[in-house]
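Per my numbering, the sequence shown starts with residue 1392, numbered consecutively.
Cβ atoms here follow ideal geometry from the backbone N, Cα and C, with glycine treated the same way.
As the structure is a prediction and not an experimental result, all values here were calculated from the model.
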Amino acid sequence: MYKWDWAKSTENKVIEMYTSTKDIGSLQRPMILIGGLHGDEPEGVYLGQSTLHWLNSVDNKTLKDFILIPCINPDAYSKNQRVNARGVDLNRNFPSKNWSSEYTQERYFPGNSPGSEIEIQALLSLIQKTNPRLIIHFHSWKPCVVVSGPDNLFEAKILAENSGYELVQDIGYPTPGSLGEYAWHDLQLPVICTEDEEHRNYDLAWQHFGEGIKKVLLK
Ligand SMILES: [Zn+2]
């Protein structure tokens, strides 16, 4: 596994990335795993860090190709706020066809234009460069696994079965400019969003999702 100082946040913090091979161009349709898109969901960052810890303990050869970004929104995480340092909800800033400038609450501000945020721009170029076969991002709210992708997506079933959380196709409200809308609906690239139970002991996140993440990453 290789560590990269991959990108810089709005406030110039390093966003770390880990990959299964040193040559990013040689990755074969990797899986991208992302924590911390929302900085006030520490369970998601903890799950990213726990995944990293586990990856460090296993033989790289037993793993499928992956890219792990444990915390993509470090400015927000350091302030325990949902939005990035410019007040933008990163999961409403993807340039999906249905991106909308409308929002109901400050914490859902989608930015002044689609893809306006530096953290999202970095991810967009990574997606373009590596053509991932699946993106999984880690959140916390009400426990569930949200799949934006084909029916019977193996990895979604595994993550739901192992956590005991319900597998749903839709979070229950519109999310224009979200990663799921952009990657699946526009690019046909499947996305899984794990939602752990919020405001509990956040190290439970690995207990809930760790087994599923191992099965998804192991060859
Ligand atoms: Zn979230």
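Cβ separation of residue i and residue j, assumed to be a contact under 8 Å, to the nearest whole Å
| i | j | result |
| --- | --- | --- |
| leucine 1515 | aspartate 1456 | Contact flag wrong, Cβ pair sits at about 20 Å. |
| tyrosine 1564 | cysteine 1535 | Between cysteine 1535 and tyrosine 1564 the Cβ distance is about 13 Å, and since that is not below 8 Å, they are no contact. |
| glycine 1416 | proline 1505 | About 27 Å separates the two Cβ atoms, so there is no contact after all. |
| valine 1607 | leucine 1570 | Contact flag wrong, Cβ pair sits at about 17 Å. |
Between the CA atoms of residue j and residue i - distance to the nearest angstrom
| i | j | result |
| --- | --- | --- |
| threonine 1453 | glutamine 1519 | 26 Å |
| valine 1474 | serine 1554 | 27 Å |
| glutamate 1586 | leucine 1424 | 14 Å |
| glutamate 1434 | leucine 1446 | 18 Å |
| glycine 1540 | proline 1581 | 4 Å |
| leucine 1525 | threonine 1495 | 30 Å |
| tryptophan 1395 | tyrosine 1409 | 6 Å |
| isoleucine 1604 | asparagine 1489 | 30 Å |
| serine 1492 | tyrosine 1499 | 10 Å |
| aspartate 1594 | histidine 1530 | 13 Å |
| glutamate 1572 | glutamine 1560 | 12 Å |
| lysine 1610 | glutamate 1602 | 14 Å |
| glycine 1478 | proline 1486 | 17 Å |
| aspartate 1466 | valine 1538 | 27 Å |
| serine 1615 | lysine 1404 | The structure shown does not extend to residue 1615, since the chain spans only 1392 to 1610, so no value can be given for it. |
Residue i (DSSP reduced to helix, strand or coil)
| i | result |
| --- | --- |
| histidine 1444 | helix |
| aspartate 1587 | strand |
| isoleucine 1526 | strand |
| isoleucine 1518 | helix |
| tryptophan 1575 | helix |
| tryptophan 1607 | At residue 1607 the sequence reads valine, which differs from the tryptophan that was named. Valine 1607 falls in the helix class under three-state DSSP. |
| glycine 1568 | coil |
| phenylalanine 1545 | helix |
| threonine 1410 | strand |
| aspartate 1396 | strand |
| serine 1531 | strand |
| leucine 1558 | strand |
| isoleucine 1463 | coil |
| serine 1539 | strand |
| phenylalanine 1600 | helix |
Closer than 7 Å: residue i CB and nearest ligand 1 heavy atom
| i | result |
| --- | --- |
| histidine 1576 | no |
| leucine 1608 | no |
| glutamate 1432 | yes |
| asparagine 1482 | yes |
| leucine 1428 | yes |
| tryptophan 1532 | yes |
Own chain partners of residue i with C-beta closer than 7 Å, once the 5 adjacent residues on each side are dropped
| i | result |
| --- | --- |
| leucine 1481 | Leu1428, Asn1464, Asn1475, Glu1508, Glu1510, Ile1511 |
| glutamine 1472 | Gly1430, Asp1431 |
Own chain, CB closer than 6 Å to residue i, minus 5 neighbours either side, in chain order
| i | result |
| --- | --- |
| alanine 1398 | Ile1406, Ala1513 |
| proline 1421 | Asp1456, Phe1457, Ile1458, Thr1521, Pro1523 |
| proline 1461 | Gly1426, Gly1439, Gln1440, Leu1443 |
| histidine 1576 | none |
Cut-off 8 Å between Cβ atoms - residues of its own chain near residue i, not counting five sequence neighbours on either side
| i | result |
| --- | --- |
| aspartate 1450 | none |
| methionine 1392 | Tyr1409, Thr1410, Ser1411, Leu1446, Asn1447, Asn1451 |
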